[in-house]
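Worksheet for the structure shown next.
There are 2 protein chains.
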Amino acid sequence: MGKDAAGHFVKMVHNGIEYAIMEVISEVYDLLKNGLGYTNDQLHELFGRWNDGRLQSFLIEITRDIFATKDPETGGYLVDMILDKAGAKGTGKWTSQDAMDTGVAIPSIDMAVSMRTLSAYKDDRLKAAALYQPVIHKIQEDPAKFEAQVEAALYVSTIICYAQGLSLLVKASEELQMEIPLKDVVKIWRGGCIIRSTLLETFYQAYLADPNLSNILLDAKVAAEVKAGQQDLRDVVSQAAKSGIAIGAIQSSLAYLESFVSAKMPTNLIQAQRDNFGSHTYQRTDKEGIFHTQWEAHP
Amino acid sequence: MGKDAAGHFVKMVHNGIEYAIMEVISEVYDLLKNGLGYTNDQLHELFGRWNDGRLQSFLIEITRDIFATKDPETGGYLVDMILDKAGAKGTGKWTSQDAMDTGVAIPSIDMAVSMRTLSAYKDDRLKAAALYQPVIHKIQEDPAKFEAQVEAALYVSTIICYAQGLSLLVKASEELQMEIPLKDVVKIWRGGCIIRSTLLETFYQAYLADPNLSNILLDAKVAAEVKAGQQDLRDVVSQAAKSGIAIGAIQSSLAYLESFVSAKMPTNLIQAQRDNFGSHTYQRTDKEGIFHTQWEAHP
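Below, the structure written as structure tokens:
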């Protein structure tokens, strides 16, 4: 698995991807439970069906099992008896911190870390809930249609979570000369780990075709899958926002995707602001070089 | 400004908040320019108007000036000639990394760091743009109505960016015994710094009333302002998603808000998953203690 610390680094990034996919699944749970009013029985059936399709993975499979597990003490569903304070061993956080040092954007993993952190602020949240009295609006879509859109949004978001983590491995491997063979990483992950999934076979084929692929989203087959589900992802983010359901990691996956495929981000304005208040200079679109302007007030 | 390293810490968090607000403004620019088709003249006029209202701040003011600044070389608007690769000196990144170590969620600042990072991957983005051929759909709202909603979304998002940074100062001050006086911090910021704004007066009053306020969103006056704009924030996120415009930091502010005011997050599922695959245990909603279940398959 490459040189020196490469094995540890790969395991850390694995866990970062795991954080993000788990957060995305929990947001889908929120959408279906509170947006559509699905019961645990319906969720069990749905995750079972999803696990028979392209979403097949260890995490979808155990989520299916969780929704059918009864609480021996009350006889109800165990998932409903579990407190919403999530723990963390730190590997998600380290992945985010390392990515920032390496100069790689992994916003879905960052958001997963944030949401676990926020979940632990239960006292503040209870005070805030009393003050804000939030209301969740039911999703006004045909449930079968929305369910299909959520499946696509989950699929595309999952691809993007992998894409972020894998792009960190590529860059860190280069910078630290770890020579991490991405093709072998995804093959080994497929063999057995918490993020094992059918999807990893697609990534394996992509790295087989191009071992130097900087981002899995640039593979033609992956791009075709993402493009096919992109509008559903947009629609789900749009519906969730209207309903008042927080889907931070799914949203972050969408923001990552839209920005990654954009030839022109609005960061030209940020460079203008930085040059205005701090003389940090900027580059131009029409020629090489570093420039600075004496910005004036224009009331 | 408190003890020992407190001054440096306060300056770092100031810059983290600055990153987030600048990112939010750049996303508003994207929405207005590409979603509504506003010209630089219109943006200049609008930011001028905004700067005369509750959004009054140094960053809104210089953004107004930027939209009126001409490029001496081409005669066009300078902002259009600036390359969209944003630089960074590292203070945003350090704020995010420190927040993760301190156990405080600051997702809007994290997203601002991610977006600057992504902006620098220009080669990959150009390849991805050719592969994905993204299309921005114009926003199908009455421009005057949407403009007012964007103003509210920008206002609420800005409050949330401050809230995240200030909550980090509160927690870090406690943990590291820095005794940072929040009331004085916002007063000094108001006096002169890049994030100086009329809003800081509201925060000053909040800390005057309760020096131990853990999160500015728990202040009654701030809560009233946020609640008044919350639906507009949701609508703007919803519209942006449909249009294909990435507004990661605005979305992250919404996800933070919805989660912070939620008495019940879907993280119970994450705890179930963690206990299922790693015996990480969970707490229950009906009694104290730490529990573990032997989860079984339920196909």
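Protein sequence lines correspond, in order, to chains U and R.
Letter by letter, the first sequence follows residues 107 to 405 in our numbering.
Letter by letter, the second sequence follows residues 107 to 405 in our numbering.
Here a beta-carbon is modelled for each residue, glycine too, at the ideal position from N, C-alpha and C.
Predicted model only: the values in this text are computed from it and were never measured.
Euclidean distance between Cα positions of residue i and residue j
i         : j         : result
Ser368(R) : Met187(R) : 44 Å
Lys139(R) : Lys393(U) : 24 Å
Ile322(R) : Val291(U) : 44 Å
Phe355(U) : Gly141(U) : For clarity, residue 355(U) is Ala in the given sequence; the question names Phe instead. If you take the alpha carbons of Ala355(U) and Gly141(U), they lie about 17 Å apart.
Ile266(R) : Asn374(U) : 24 Å
Thr304(U) : Ser349(R) : 31 Å
Ile300(R) : Ala126(R) : 12 Å
Pro249(R) : Tyr144(R) : 10 Å
Gly384(U) : Thr399(U) : 11 Å
Ala226(U) : Arg296(R) : 32 Å
Ser163(R) : Gly122(R) : 17 Å
Asp158(R) : Glu167(R) : 9 Å
Lys251(R) : Lys195(R) : 38 Å
Arg160(R) : Phe397(R) : 49 Å
Leu339(U) : Ser263(U) : 8 Å
Gly198(R) : Arg222(R) : 10 Å
Gln311(U) : Leu363(U) : 21 Å
Gly395(U) : Arg380(U) : 17 Å
Leu224(U) : Val342(U) : 23 Å
Met284(R) : Ile351(R) : 41 Å
Phe366(R) : Gly182(U) : 28 Å
Leu272(U) : Ala111(U) : 16 Å
Ser320(U) : Asp229(U) : 43 Å
Val210(U) : Ala278(U) : 9 Å
Tyr313(R) : Asp325(R) : 9 Å
Phe153(R) : Tyr261(R) : 13 Å
Lys117(U) : Leu165(U) : 17 Å
Ile245(U) : Lys109(U) : 50 Å
Glu124(U) : Ile376(R) : 11 Å
Arg155(R) : Ala347(U) : 28 Å
Ile131(R) : Ala192(R) : 14 Å
Pro178(U) : Asp207(R) : 37 Å
Ile286(R) : Arg302(U) : 46 Å
Phe115(U) : Leu306(U) : 19 Å
Nearest to residue i (by Cα), restricted to the options the options
i         : options                                       : result
Ile215(U) : Thr201(U), Gly209(U), Pro317(U) and Phe366(U) : Thr201(U)
Thr175(U) : Gly384(R), Ala378(R), Thr391(R) and Gly271(R) : Ala378(R)
Val332(U) : Lys277(U), Ile166(U) and Glu257(U)            : Glu257(U)
Ser344(R) : Leu360(U), Ala330(U) and Ala329(U)            : Leu360(U)
His404(R) : Gln357(U), Met118(U), Glu124(U) and Thr169(U) : Thr169(U)
Glu133(R) : Tyr388(U), Asn382(U) and Pro372(U)            : Pro372(U)
Tyr135(R) : Pro240(R), Ile172(R), Ser365(R) and Gly298(R) : Ile172(R)
Gln336(U) : Leu272(U), Ala254(U) and Arg390(U)            : Ala254(U)
Met217(R) : Glu129(R), Met206(R) and Val185(R)            : Glu129(R)
Ala236(R) : Lys370(U), Glu402(U) and Thr391(U)            : Lys370(U)
His243(R) : Glu124(R), Leu137(R), Asp325(R) and Thr208(R) : Leu137(R)
Ala334(R) : Val219(R), Ala192(R), Ala205(R) and Ala259(R) : Ala259(R)
Ala330(R) : Ile294(U), Pro287(U), Tyr238(U) and Leu306(U) : Tyr238(U)
Arg390(U) : Val185(R), Lys327(R), Leu306(R) and Ala205(R) : Val185(R)
Glu281(R) : Asp204(R), Leu189(R) and Leu149(R)            : Asp204(R)
Pro317(R) : Val276(R), Tyr388(R), Val328(R) and Thr180(R) : Val276(R)
Leu189(R) : Lys289(U), Asp147(U) and Tyr388(U)            : Tyr388(U)
Ile212(R) : His150(R), Lys289(R), Tyr268(R) and Lys233(R) : Tyr268(R)
DSSP beta-bridge partners of residue i
i         : result
Lys176(U) : Tyr183(U)
Tyr388(R) : Phe397(R)
Ser163(U) : Ser303(U)
Ile188(U) : Arg390(R)
Can you list, in chain order, the residues of the segment 230 to 253 of chain R whose Cβ is nearer than 7 Å to any Cβ on chain U?
Of all residues in the segment 230 to 253 of chain R, only Asp230, Arg231, Leu232, Lys233, Ala234, Ala235, Leu237, Tyr238 and Pro240 come within less than 7 Å of chain U when Cβ atoms are compared, listed by chain position.
Within the segment 295 to 339 of chain U, ranges of the alpha helix (DSSP H) (whole runs, at least 4 residues)
Fully enclosed alpha helix (DSSP H) runs of 4 or longer: 305 to 315.
Closer than 8 Å between beta carbons: that is the criterion. Which residues of the segment 119 to 131 of chain U meet it against chain R?
If the cut-off is 8 Å between Cβ atoms, the segment 119 to 131 of chain U has Met128, Glu129 and Ile131 near chain R.
Short of 7 Å Cβ to Cβ, which residues in the segment 270 to 301 of chain U face chain R?
Of all residues in the segment 270 to 301 of chain U, the ones placed with a Cβ closer than 7 Å to any Cβ belonging to chain R are Ile300, in chain order.
What are the complete beta strand (DSSP E) segments, minimum 3 residues, inside the segment 221 to 269 of chain U?
Correct list: empty.
At a CB distance below 7 Å, what residues from the segment 364 to 387 of chain R approach chain U? Give them in sequence order.
Cβ contacts with chain U come from Glu364, Ser365, Phe366, Val367, Ser368, Ala369, Lys370, Met371, Pro372, Thr373, Asn374, Leu375, Ile376, Gln377, Ala378, Gln379, Arg380, Asn382, Phe383 and His386.
Residues of the segment 161 to 181 of chain R with a CB closer than 9 Å to any CB of chain U: list them in chain order, please.
For the segment 161 to 181 of chain R, which is checked against every Cβ of chain U, the residues closer than 9 Å are Phe164, Leu165, Glu167, Ile168, Thr169, Arg170, Asp171, Ile172, Phe173, Ala174, Thr175, Asp177, Pro178, Glu179 and Thr180.
Anything in the segment 198 to 229 of chain R with a Cβ closer than 8 Å to a Cβ of chain U? List those residues in chain order, please.
Answer in chain order: Lys199, Ser202, Gln203, Met206, Asp207, Gly209, Val210, Ala211, Ile212, Pro213, Asp216, Met217, Val219, Ser220, Met221, Arg222, Thr223, Leu224, Ser225, Ala226 and Tyr227.
Which runs of the alpha helix (DSSP H) spanning at least 4 residues fall entirely within the segment 128 to 162 of chain R, listed in chain order?
146 to 157, all fully within the segment 128 to 162 of chain R.
Length-filtered (4 minimum) alpha helix (DSSP H) runs lying within the segment 353 to 390 of chain U
Here the runs fully enclosed are 354 to 366 and 373 to 384.
Could you name the residues of the segment 185 to 197 of chain U whose beta carbon sits closer than 7 Å to any beta carbon of chain R, in the order they occur along the chain?
Val185, Met187, Ile188, Leu189, Asp190, Lys191, Ala192 and Gly193: these are the residues of the segment 185 to 197 of chain U whose beta carbon lies less than 7 Å from some beta carbon of chain R, given in chain order.
Please identify, using Cβ separations under 8 Å, the residues of the segment 315 to 333 of chain R that lie next to chain U, in order along the chain.
Here the close residues are Ser320, Asn321, Leu323, Leu324, Ala326, Ala329, Val332 and Lys333.
Can you pull out the residues from the segment 345 to 362 of chain U whose beta carbon lies closer than 8 Å to at least one beta carbon of chain R?
Result list: Gln345, Ala347, Lys348, Gly350, Ile351, Ala352, Ile353, Gly354, Gln357, Ser358, Leu360, Ala361 and Tyr362.
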